[in-house]
Amino acid sequence: MLEHGKIDGKQAIFLMLSVVLPTAILTIPAGIVRTARQDAWLSVMAATLAVLLIAWLVVSLSLRFPGKTLCEYAEEILGKTLGKIVCLLYIWLFFLYAGSGAVRQFSFFLVTAMMPETPIEVFSITVVAVAAYAVRNGLEVLCRFNQLFLPVTGLLAIVFFLSTIEMKPARLLPVFDAGLLPIVKGTVMPTMLMGEIVLLAMIIPYLNKPEEAQRIAILSALFNGFVLTASTLEALLIFGPDLAAHWIFPTFNAVRVISIANFLERLESVIVAFWVLGGFVKVGVFYYVAVLGSAQCLNLKDYRPLVLPVGVILVSFSSFMHGENIVDMIYYISQIQVPFMLIVFEVGIPLLLLIIALVRGKGGQSS
Amino acid sequence: MRKKIAILLLLFFLSGLLGGCWSRSEIGEEAIILGTGVDLTEDGLIRLSVQIASPGAFSAGGDTSGGGKEPPAWVVWAEGETIEDAERYLAMKVPRRIYWDHSIILVIGERMAKRGTEMVSNFFLRTGEPRENMWLMVARGEARDILQAQPMLAKTSAQATGFLTRMKTGYIVQIWEYAEMRASKGVQPVVTGVEVQDFGEGRGPGQGENSTVQKKVELSGVAVLKVDKLIGWLDAHETRGLLWLKGEAKEGAVIVPSPGEPGKEVSIKIRRSHTKIVPEYDGENLWFNVNIYVEGDMVEQQSRVDLAKPEQIKALETAMSEEIKARTTATLEKAQTEYGLDIFGFGNAFHRKYRKEWREMQNHWDEEFSRAGVNIAVEAHVRGIGLLSMPAGSPEK
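And the structure:
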């Protein structure tokens, strides 16, 4: 085995929270509100249900092949050539593309909202370099760090709570304003982003109790859904559907509006802290699975030689594969990344693999 | 071990570089803006005026100890095609980096507001540095004059105006609230009005002979915007009506004629209030039931009637609701007939209840609103009467 570390259930759940939330809480609400207006929070809740299905699918598939990652059992199911192709598709088009997307979003937010004069490459190179160090030290280190930082989310909860004075529940009315269709359309984007927990398929073999995987997947999907619903509600309840759709990062602006007794204000630093720490873990996990997958695909004994080259690819992808400016980036996410990733990598291939495995009778009984 | 210590030391010292020199900003090199004003000049250019704090006047004991009389703020302006353009010209006059984060107020001059407020707010919402919770106001006259006024009790007019706003005596709005009203189809934006008033000659202690006419900033009603252009004003009385209808009359007093003694007044201070707007629509007729609930304490009585009796309190409550009804009706009529604009958010209330009908009506909502009937019902309660039970020399004793 390439990875010798073991992580426990709690660490895995935390890791899945960090895979989804850091970028999602800021970038998602605007897009959903644009389609589903004041029912955006319902979209997120519906998306959570969809993600539970995705999680169930991927975990059932993985549990048929104990001790093997997605890249390994793809070969077992489809045969060597096809399996390697699927594996490479996952690495290049999902892990690296979505990972570099995370790098891009991470850097763009910091440039747009905080440090406009800094070249964007500074942020992307820095975050990838730090992540490279963590990845080189293995999954366990990444998880430990994540466990250390995640309590910062508690601060986020306090900030959301403080903002309740600016909230007006009436802004959520009327429910089902334009019927069911916009709500359904609005679910696509959060489903894709929360669906990134399919990365579990690469991590399940390293759980100290793999039989807990189903519970881990369900809990992380629910937690993700909960926090994402909360941040969508935060933006909606403060700005209402009209203004929330106008911002690029509505949650960020919502937090900036908080002013308690003219004293407790300028709380956006909490959001930024969450963004920086979480963004690093998110990039780290994508980076890790890309490196691990490549090593397994190439039958290497050690994945560490791949850390540097994959990092370079991440940085260059983030500069060249996501358009030239923030408008391109948002367009790519909503028009290309979301439908493509969701249909192909989060639902399509895992479903196909499961069906073929069942037909060919590969793998043990799913528990 | 030694290697480890060396690495730790290296990291420790390297962290000193983390702050970096890129985009660094020393507080002594910032021009901290307290108030911003935007006017339209005669030539159609945008004039950006800013009030910059001069730090010396703010430091502890700055007023008394030496250094003479440094004015606490400096008002400077520049003109340009856009706000950013004007800001660049401004940068040629200000020897420090312009720093927006602490701007308390954003004042739009009357002529600029007639041209369009969106042209102004866009810059301040798009650029990350100014805060979304800046107070937005429209000046009667020039915005620059507001910034140049000399305040009392606060160092600069921007701070004084900010404090005035926070007292919630008038209708007040932060720039993001304006943006919300602007984005919504169910309400037309209204913005605080401010003007400069002569306060007469200061003759207080310490002002001596060199007293001149003092110019002070005063909240003055509300500017009514159509889409984003100033089309008229509500005076202070009408603003009260607006506050009642928007459910934001949380402070202030209701002055009613005293029961039993015409010509004399009783003041009731508002303690809490809320407003509920219930739209009714039968496919043809549109009307709104506005239910206002208010609680207050009697704080002043000019008459000599003994009001500390249940039936007199009842009479007071009736007078109070009559008074509020008259106020709101006047404002409502002005909005419906003179401006033809839904400045109260009735459209949003309608949208909440009749979502299907709204889809069609939102496009000509202001006409629908102008034709709508409104029933105003006020439930007024007098809770306390202060520390006096009856006025001295009450004839009924």
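Those sequence lines, one after another, are chains A and B. For the first sequence, the numbering used here assigns the number 11 to the initial residue and increments by one for each residue that follows. For the second sequence, the numbering used here assigns the number 6 to the initial residue and increments by one for each residue that follows. The beta carbon of each residue, even a glycine, is placed where N, CA and C say it ideally should be. Since this is a predicted model, take the numbers as computed values, not measurements.
* Asked: How about Asn-290 (chain B): is its Cβ closer than 8 Å to a heavy atom in the ligand PLP?
  -> In the structure shown, the ligand PLP is absent, as is every other ligand, since no ligand is present at all.
* To do: Within its chain, find whatever has a CB closer than 7 Å to the CB of Gly-294 (chain A); leave out the 5 residues flanking it on each side and keep chain order.
  => The residues are Ala-141, Ala-144, Val-145 and Leu-152.
* Length of the line joining the Cα atoms of Ile-323 (chain A) and Leu-106 (chain A) -> One C-alpha to the other measures close to 8 Å.
* For Gly-391 (chain B), which residues of its own chain have a beta-carbon under 7 Å away from its beta-carbon, when the five flanking residues on both sides are left out? -> Asp-302, Met-303 and Val-304.
* Asked: First and last residue of the alpha helix (DSSP H) that includes Lys-272 (chain B)?
  -> Rather than Lys, the amino acid found at residue 272 (chain B) in this sequence is Ser. Note, Ser-272 (chain B): premise wrong, no alpha helix (DSSP H); beta strand (DSSP E) at 270-286.
* Asked: Beta-carbon separation of Pro-156 (chain B) and Ala-148 (chain B) under 9 Å?
  -> No; because the gap between Cβ atoms is not below 9 Å, this pair is not in contact.
* To do: Could you name the residues of chain B that Phe-249 (chain A) contacts, counting a contact when the two beta carbons are closer than 9 Å?
  => Ordered by position in chain B, the residues that pass the 9 Å Cβ test against Phe-249 (chain A) are Trp-181, Ala-184, Glu-185 and Ala-188.
* To do: Taking 9 Å as the cut-off, decide whether the C-beta atoms of Glu-384 (chain B) and Asn-296 (chain B) are in contact.
  => With respect to Asn-296 (chain B), Glu-384 (chain B) sits close: the two C-beta atoms are nearer than 9 Å.
* **Sequence-distant residues of its chain with Cβ nearer than 7 Å to Leu-45 (chain B) (five each side left out)** => The beta carbon of Leu-45 (chain B) sits closer than 7 Å to those of Ile-51, Gly-114, Arg-116, Met-117 and Arg-120, all from its chain and outside the five residues before and after it, given in chain order.
* Asked: Counting only beta-carbon atoms, is Ser-269 (chain A) nearer than 9 Å to chain B?
  -> At least one chain B Cβ lies under 9 Å of Ser-269 (chain A).
* **Contacts of Asp-49 (chain A) in chain B (Cβ-Cβ under 7 Å)** => Within chain B, no residue comes near Asp-49 (chain A); the closest Cβ sits about 11 Å away, beyond 7 Å.
* Nearest-angstrom Cα distance between Thr-136 (chain A) and Ile-366 (chain A)? -> Rounded to the nearest whole angstrom, the CA to CA distance from Thr-136 (chain A) to Ile-366 (chain A) is 42 Å.
* Asked: Quick one: is Glu-182 (chain B) buried, meaning 16 or more other Cβ sit within 10 Å of its Cβ, or exposed?
  -> It counts as buried.
* Asked: Straight-line CA distance for Val-310 (chain B) to Glu-266 (chain B)?
  -> Going from the Cα of Val-310 (chain B) to the Cα of Glu-266 (chain B) covers about 7 Å.
* To do: Using a Cβ-Cβ cut-off of 9 Å, state whether Lys-231 (chain B) counts as contacting chain A.
  => Not one chain A Cβ lies under 9 Å of Lys-231 (chain B).
* Would you say Arg-149 (chain B) faces chain A, with C-beta separation under 9 Å as the test? -> By this cut-off, Arg-149 (chain B) is not an interface position.
* Ala-83 (chain B) - partner residues in DSSP beta bridges -> Answer is B:Leu-53.
* Span separating the alpha-carbon of Pro-76 (chain B) from that of Leu-111 (chain B) -> Roughly 21 Å separates the two Cα atoms.
* By Cβ distance below 8 Å, which residues in the same chain neighbour Leu-12 (chain A) in space, the five residues on each side in sequence not counted? -> Once the five neighbours on either side are set aside, the close Cβ partners of Leu-12 (chain A) are Leu-302, Ala-305, Gln-306, Leu-310, Lys-311, Asp-312 and Tyr-313.
* Under three-state DSSP, which class holds Gly-42 (chain B)? -> Gly-42 (chain B): strand per DSSP, three-state reduction.
* Roughly how far, in whole angstroms, is the beta-carbon of Thr-336 (chain B) from the beta-carbon of Gly-246 (chain B), given that I think they are within contact range, below 8 Å? -> The pair is a contact, with the Cβ atoms about 3 Å apart (cut-off 8 Å).
* Boundaries (first-last residue) of the beta strand (DSSP E) holding Gly-237 (chain B) -> Here the beta strand (DSSP E) through Gly-237 (chain B) covers 234-239.
* Please confirm whether Gly-111 (chain A) and Ile-340 (chain A) have their CB atoms less than 9 Å apart. => It is not a contact, given that the beta carbons lie outside the stated cut-off.
* To do: Could you tell me whether any Cβ in chain B is nearer than 9 Å to the Cβ of Pro-192 (chain A)?
  => No, Pro-192 (chain A) does not count as interfacial toward chain B.
* Asked: Can you give the beta carbon distance from Val-68 (chain A) to Asn-234 (chain A), rounded, assuming they're within the 8 Å contact cut?
  -> About 14 Å separates the Cβ atoms of Val-68 (chain A) and Asn-234 (chain A), ruling out a contact at the 8 Å cut-off.
* Asked: Quick one: is Arg-74 (chain A) near chain B, going by C-beta distance under 9 Å?
  -> Not one chain B Cβ lies under 9 Å of Arg-74 (chain A).
* beta strand (DSSP E) segment containing Leu-393 (chain B), residue limits -> Boundaries cannot be given for Leu-393 (chain B), as no beta strand (DSSP E) includes it and DSSP labels it neither H nor E.
* Run the CB neighbour count on Gly-358 (chain A), radius 10 Å, all protein chains shown included, and call it buried at 16 or more, exposed below. => That one is exposed.
* Tell me which same chain residues have a C-beta within less than 6 Å of the C-beta of Ile-226 (chain A), skipping the five on either side of it? -> By the criterion of a C-beta distance shorter than 6 Å, Ile-226 (chain A) is surrounded in its chain by Gly-19, Ala-22 and Ile-23, once the five residues flanking it on both sides are discounted.
* **Closer than 9 Å to chain A by CB, His-369 (chain B)** => Chain A, which has no Cβ nearer than 9 Å to the Cβ of His-369 (chain B), makes this no.
* Residue ranges of each alpha helix (DSSP H) run of no fewer than 4 residues wholly in the region 69-102 of chain A, ordered along the chain? -> Complete alpha helix (DSSP H) runs here, min 4: 80-88 and 90-99.
* **Listed by chain order, chain A residues near His-356 (chain B) by CB distance under 7 Å** => At a C-beta separation below 7 Å, His-356 (chain B) has these neighbours in chain A: Pro-184.
* Alpha-carbon spacing of Ile-10 (chain B) relative to Phe-119 (chain A), whole angstroms -> Going from the Cα of Ile-10 (chain B) to the Cα of Phe-119 (chain A) covers about 36 Å.
* To do: Select from the region 35-46 of chain B all residues with a C-beta closer than 9 Å to any C-beta belonging to chain A, and list them in chain order.
  => Listed in sequence order: no entries.
* Asked: Of all Cβ atoms in chain A, is any one closer than 9 Å to the Cβ of Glu-328 (chain B)?
  -> Chain A contact via Cβ: absent.
* Asked: Should His-14 (chain A) be flagged as near chain B, meaning a C-beta pair shorter than 9 Å?
  -> With 9 Å as the cut-off, His-14 (chain A) does not count as an interface residue toward chain B.
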